[in-house]
Each structure stands twice: as structure tokens, then as C-alpha cells.
Amino acid sequence: MNMSTVAIDLAGVKKSFGDKLIVNDLSFSVARGECFGLLGPNGAGKSTTVRMLLGMISPDAGSITILDEPVPSRARAARVRVGVVPQFDNLEPEFTVRENLLVFGRYFGMSTRKIAAVVPSLLEFARLEVKADVRVSELSGGMKRRLTLARALINDPHLLVMDEPTTGLDPHARHLIWERLRVLLARGKTILLTTHFMEEAERLCDRLCVLESGCKIAEGKPDALIDEHIGCNVIEIYGGDVHQLRELIRPYAKHIELSGETLFCYVPYPEQVRPHLSGRSDLRVLQRPPNLEDVFLRLTGREMEK
Amino acid sequence: MDGAYASVMPANAYNWIAVWRRNFLAWRKVALASLLGNLADPITNLLGLGFGLGLIVGRVEGTSYIAFLAAGMVAISAMTSATFETLYAAFARMDAKRTWEAILFTQLTLGDIVLGELVWAASKSVLAGTAIGIVAAALGYASWSSILFAIPTIALTGLVFGSLAMVVISLSPTYDYFVFYHSLLLTPMVFLCGAVFPTSQLPESFRNFAGVLPLSHSVDLIRPMMLEHSVGDVLLHVSALFLYAVLPFFVSTLLFRRRLLR
Ligand SMILES: Nc1ncnc2c1ncn2[C@@H]1O[C@H](COP(=O)(O)OP(=O)(O)OP(=O)(O)O)[C@@H](O)[C@H]1O
Ligand SMILES: [Mg+2]
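Residue numbers (this note's numbering), protein chains in the order written: chain W, 664 to 969; chain E, 79 to 340.
Quick look at the structure:
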């Protein structure tokens, strides 16, 4: 790719803590204007990758470029055009919403007057106008998250790096964040986000890469990944004798996975299977289109959230 | 120094101001309580020890004991203000509150943050030290102008003890370790450095050891100023304090790098 169209480039990045390999030979590129997802279960190495991107820790091997600046050597220059939403809240709880933005703007060398000029639009963006003079400790989780997002935008960054932007939020708060992120993408910003919500990745990301134990196990557009790895309907069955059900469905299924007590049956023609399950009041049966969760299950043999 | 070390040093001469202003804004919200809390203790000590012991002790080095002690209390309060600000407040901002982490997402470096915290700690020393000086001047135990002259030394004392405390917090896993620094280093310094009684009372070997401790240099500068005697060895004392401020600054910044940026 031509460098000026590339926002993030990782090549052969490795990181160990002690003798534990946390990120193993990770490479990916994110184009400007793209929303790229880093997907993986707890401990997959998402936050470690994010910290390396920001130049907060140095990779043991490989190279990283952010907005044409080599990282970590010129990370400070790169960070001027990057906004960060960290996994764990680090707002100033004793400060008001407005004061949080003021203090953070100063870290970018902005004058009080310049900050005051951009704060109203940030408050509006984060839907926090009426909370401007409320202390952060009094905000709900969703509001805090939106303030963190507004704070990340104070320097008008081109690239936003977000580590689990919606973890811990209720569905309503989560949808509001997603909607705000789509507005940013429409404005041409580049977003890198980590998540372990498949739905989040499917809805927002143009492309994503799935991490497991620090290794990239898949990369591509969400639809293409689903097509490539699943490409058929899914019937979830809960209850009954797993062994017996497996035998029953095997002739019709491309493959079957067991996760916990749920059987995931990947079947090209579900109508062939359903008659065998009708009238079984001991079973809970759900037929649905395939999603990224199935891709993860297929690739790793386990569900992401369990 | 290679690039990795250079990258944690202050990026320029003014980035630290944003950190100082953050702390000032937080302090302003609790200024009154903070002032009372920080001043009550040294003023009680000054008056209690000064009047109480003063009766028994009589005159010390040609002045009343309370005037002698006032200068020592100015140095001690400069020391403790910067120490406590760093040990407790800065440690919380570095650790549990994640304030430093948020700042590191911006164009500030670790060195900018440490410098901003140090100047802030020194500002609190100036506040506390000057307040004791004002009490002493109001009681007639020091001249008003001498308090003004003492301010640079008070500030330098604040930088020294802020800087030393930075090393302590960069190494301490939790608050529990601060007590060692406090009882093994700070409290002995109060007694060894001539703050509350003249070092001539100490055995020779102690006196030589005490002479190199940072608080001694502060006391040796502040006391003659406040008593309007001529100050000896100014260059020596100032350079010693300067070293005590600068060396721990670099050491702590590198230790923070190891702790936070990996
Ligand atoms: N500073 C560190 N020292 C030692 N081990 C670490 C350090 N930071 C992270 N790890 C380990 O690296 C692994 C990956 O951590 P990381 O935080 O990158 O995962 P993650 O994908 O962000 O997970 P989560 O979804 O829980 O946030 C974990 O096993 C973690 O314990
Ligand atoms: Mg994480």
C-alpha cells in the first residue's frame, strides 16, 4: 500500500513478558478512513497490541508505523494526531465534564481559549451538553465512556484507538456509542478498536483480525470471514442427549461444534433437519444466520465469551 | 543516552506547566481544607515546642529558642509538604487514579509529568514554608523581608524532597513501603540536621554525616537568613541542594519508565 493512504502498519510484531509470548508475529495494515477491529477473548493480547501502537511499550521484534511515523521512536509526534479511549477509565473524577476536557486539551499544548472554542461541539457530539458542569463521579458508565470519547477528540485527531469502547455498558449505551463512531467514520476518521463483542465488530468494522493467544488466526471483512469459514445456516440446540443429537444431525451438517451444553450445527439446508427436531419439547432450538461468533468457534473450538 | 531514554525525558521547557495546572485546579477545589490541614501541624509544633521548650532551653546560638526553631520549622515544613504531596497524592495519580496514564496518551513525556509534579510539590512547600515564616514574623521572631529572601531556598528544598520522594514512589509497590522512608530517613533528618537543636550537640561523627544530608543545607541557608546573620558557604549549600534535586529526578524518571512503560 502507498504509505500516505495507510494509517497503521504492523509488521512481524512480537512481544513477551518474561518468557510468556503475548503477541506473536502480528502483522496488519489499516487504511485511512477504515474501521479496523482487533477481536479476541480475554488475554488474547489486544491491549498489549494497542499499547505498542501508542508507543507505550516497545515491541521485541518487528516494526510499527502510525500515520507515517515510526513507533516507538517517534510515537510522541504520532500521538499528536491520535485519540485514545483506554480499556480502563482514567477520567478525573473530581473534575467536571468541562474541566476534564480543559485539562486534557492543555496536555496537547492548547490554549485555554482554543479549548473553550472546541468544547461546545465536543459536548454536543458526546450528548453531554446538560452535564457540562457535573462532576465525573456523578456520571453513568455510558456518559463516562462518551466523555472519554470526547476527550480523545480534543486534539482533532485523525486516528482513534479504542480499547474495548463498550465493555460494561448496557445495550442502549452501547448503541449510542456505535452511532457516534459511525458519525466519526463518516467524517473520514480512521478507527482501530478492540472488542470481544462479535456484534460490535460486525456492525462497525470494515475489516478485522481475530487474535487468539497473541496469534492472528483470521483477517478480513466480517462478511467474507463468515462466508469463508461458515457459509451456511446455524441451528443451536440446547438440551437433550448431545451424543445422540450429533448422530442424528451429522448427515445434514457441514460440521457440528459443542460449546458448553449447546450444540452448534452448521447446516446448508436447515429444512432437512427441522423435521427431526419437531415435537422434541426437551430441546430449545434456534435457527439463525451465521455470525463472527461462529467463525471464532470454528477456528478455536471454543466460544469467545466463555 | 540512547533514544529510548531520551524519549522519556522532558520534551521541552514548558510541557510540565499543563501538569502543574492540573494539580492546581484540583487543589483549588479543596484549598481551604488543604491549607488548614497542612499548616496546623507545623504551627502547633512551632508554638508548642517554641514556648514550652523555650522556657527550659533558654537562648540558643545567641537567640531565643523559638526564633531558632522557627527557621528549622520552615525547612521541615518545606520538606514534609513536598514529601507528602509526592508520596501520597502523586503516587495515587501515578497508580490507582491512572492520571499519568491518561497524560501519556498525549504529547507529554514521562519526564514532563515528573517535572510538573515536582514543581507542584515545591509550590506546596513554598506555601507551607512561607506560612510558617509569616507566623514567625508576625510574632516578631523573624523580619518580614527575610521571609521573602528565604522563598527561593524553600522552593529548592521542596524540589529536593519532591525529587527524593519520586524515587521512593517509583520503587514502592504500595503505600505500605513509604513508612520506611519516613521513619528511617526523614525523621532522623529532622533531628540530625540542626532543625530543632544545634548540630554542635551531636557527636563529631554524626555531625559530619548530618552535614551532607539535604535538610542540613536547607537549614544552613534558611536560618541565618531569618535571623539576619550572614549566610556562609552559599554556593556549597545551593549546589548540594541542586544535585539532590536533579539526580533523583533523572533516576526516578528512568525508574518510572521501567515501571509504567513496558
Ligand atoms: N505488564 C505485563 N506484565 C506481564 N504480563 C502482562 C503484562 N501486561 C499484560 N500481560 C499479560 O499478557 C496477556 C495479554 O494481555 P492483554 O491485556 O494484552 O490482553 P487483552 O486481549 O487486552 O485482554 P482483555 O480482554 O482481558 O483486556 C495476559 O495474559 C496478561 O496477563
Ligand atoms: Mg485488554
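C-beta: ideal position from N, C-alpha, C; glycine also.
A quick note: this is a predicted structure, and the numbers were derived from the prediction, not measured.
Chain W partners of Glu179 (chain E), CB-CB under 8 Å? What Glu179 (chain E) touches in chain W: Pro749, Asn753.
Which residues DSSP lists as bridging Ile900 (chain W), in chain order: BP columns for Ile900 (chain W) point to W:Leu926, W:Val948.
According to the neighbour-count rule (16 or more other Cβ atoms, all chains shown, within 10 Å of its Cβ), is Trp178 (chain E) buried or exposed? Under this definition Trp178 (chain E) is a buried residue.
Any Cβ of chain W within less than 8 Å of the Cβ of Gln279 (chain E)? Closer than 8 Å: no.
Tell me whether Arg709 (chain W) counts as near ligand 1, meaning its Cβ is closer than 7 Å to at least one heavy atom of that ligand. According to the sequence displayed, residue 709 (chain W) carries Lys and not Arg. Yes, ligand 1 has a heavy atom inside 7 Å of this Cβ.
Does the distance from the C-beta atom of Tyr929 (chain W) to that of Cys895 (chain W) stay below 8 Å? With contacts defined as CB atoms closer than 8 Å, Tyr929 (chain W) and Cys895 (chain W) qualify as a contacting pair.
Do you know offhand how far Phe860 (chain W)'s Cα is from Leu702 (chain W)'s? Straight-line Cα distance between these residues: approximately 8 Å.
To be precise: take each residue of the region 310 to 335 of chain E, compare its Cβ to all Cβ atoms of chain W, and keep it if any distance is under 8 Å. Which residues remain? Those would be none; no residue qualifies.
Gly150 (chain E) and Val246 (chain E) - do their beta-carbons sit closer together than 8 Å? Contact flag unset, no.
Hey, does Ser941 (chain W) have any beta-carbon neighbour from chain E nearer than 8 Å? No, Ser941 (chain W) does not count as interfacial toward chain E.
Nearest-angstrom Cβ-Cβ length linking Ala323 (chain E) and Leu237 (chain E), presumed shorter than 8 Å: The pair is a contact, with the Cβ atoms about 4 Å apart (cut-off 8 Å).
Do Met244 (chain E) and Pro326 (chain E) have their C-beta atoms closer together than 8 Å? With contacts defined by Cβ atoms closer than 8 Å, Met244 (chain E) and Pro326 (chain E) form a contacting pair.
Leu674 (chain W) versus Ser736 (chain W): straight-line alpha-carbon distance, rounded: Going by the sequence as given, residue 674 (chain W) is Ala instead of Leu. In a straight line, the C-alpha of Ala674 (chain W) is about 16 Å away from that of Ser736 (chain W).
In its own chain, which residues sit with a C-beta less than 7 Å from the C-beta of Asn687 (chain W), not counting the 5 before and 5 after it? The residues are Lys677, Gly877, Cys878.
Pairwise C-alpha distance: Ala148 (chain E) and Ala228 (chain E): Ala228 (chain E) and Ala148 (chain E): Cα-Cα distance of roughly 12 Å.
Go through its chain and collect everything with a Cβ distance to Ala789 (chain W)'s Cβ below 7 Å, but skip five positions before and after it. The beta carbon of Ala789 (chain W) sits closer than 7 Å to those of Arg809, Leu810, Leu812, Ala813, all from its chain and outside the five residues before and after it, given in chain order.
Can a CB atom of chain E be found closer than 8 Å to the CB of Leu717 (chain W)? Judged by the 8 Å Cβ criterion, Leu717 (chain W) is in contact with chain E.
Which residues of the region 96 to 109 of chain E have a Cβ closer than 7 Å to any Cβ of chain W? Give them in chain order. Under the 7 Å Cβ criterion, the region 96 to 109 of chain E contributes Ala96, Arg99, Arg100, Leu103, Ala104, Lys107.
Measuring only the C-alpha atoms, how far is Val905 (chain W) from Thr925 (chain W)? The alpha-carbon atoms of Val905 (chain W) and Thr925 (chain W) are separated by roughly 8 Å.
What residues in its chain sit with their C-beta under 6 Å from that of Gly768 (chain W), if we drop five residues either side in the sequence? Cβ neighbours of Gly768 (chain W) beyond the five flanking positions: Ile778, Ile817.
Which residues mark the beginning and the end of the alpha helix (DSSP H) in which Glu882 (chain W) is found? No alpha helix (DSSP H) holds Glu882 (chain W); the beta strand (DSSP E) holding it covers 878 to 883.
Secondary structure of Gly746 (chain W), DSSP reduced to three states: If DSSP states are grouped into helix, strand and coil, Gly746 (chain W) belongs with the strands.
So does Asn705 (chain W) have its beta carbon nearer than 7 Å to some heavy atom of ligand 1? Result yes, Cβ under 7 Å from ligand 1.
Cβ separation of Ala288 (chain E) and Leu280 (chain E), assumed to be a contact under 8 Å, to the nearest whole Å: Yes, Ala288 (chain E) and Leu280 (chain E) are in contact; Cβ-Cβ is about 6 Å, under 8 Å.
Closest to Ser800 (chain W) by C-alpha separation, out of W:Thr857, W:Pro756, W:Ser941, W:Tyr901, would be which residue? Comparing Cα-Cα distances from Ser800 (chain W) to each of W:Thr857, W:Pro756, W:Ser941, W:Tyr901, the minimum goes to W:Pro756.
Quick check: what's the CA-CA separation for Ile729 (chain W) versus Val824 (chain W)? Ile729 (chain W) and Val824 (chain W): Cα-Cα distance of roughly 11 Å.
Run through chain W and tell me which residues come within less than 8 Å of Ala82 (chain E), C-beta to C-beta. Correct list: Ser721, Pro735.
Leu113 (chain E) CB to nearest chain W CB: under 8 Å? Residue contact with chain W for Leu113 (chain E): absent (no Cβ-Cβ distance below 8 Å to any residue of chain W).
Note down, in chain order, all residues in the region 772 to 788 of chain W with a beta-carbon under 8 Å from any beta-carbon belonging to chain E. Near chain E, meaning a CB-to-CB distance below 8 Å, the residues of the region 772 to 788 of chain W are Gly772.
Short check: CB of Leu182 (chain E) to CB of Met715 (chain W), under 8 Å? Result no, Cβ atoms of Leu182 (chain E) and Met715 (chain W) do not sit closer than 8 Å.
Determine whether the beta carbon atoms of Thr187 (chain E) and Val86 (chain E) lie at a separation below 8 Å. Yes, Cβ-Cβ distance for Thr187 (chain E) and Val86 (chain E) is below 8 Å.
Near ligand 1: Ile727 (chain W) beta-carbon under 7 Å from a heavy atom: Ile727 (chain W): no, Cβ never under 7 Å from ligand 1.
Thinking just about the alpha-carbon of each residue, which of E:Arg301, E:Leu321, E:Met304, E:Gly310 is nearest to the one in Leu291 (chain E)? Nearest to Leu291 (chain E) by C-alpha distance, out of E:Arg301, E:Leu321, E:Met304, E:Gly310, is E:Leu321.
Here's the rule I'm using: 16 or more other beta-carbon atoms within 10 Å means buried, otherwise exposed. How should Ile232 (chain E) be labelled? Burial state of Ile232 (chain E) is buried, judged by a 10 Å Cβ sphere holding 16 or more other Cβ atoms.
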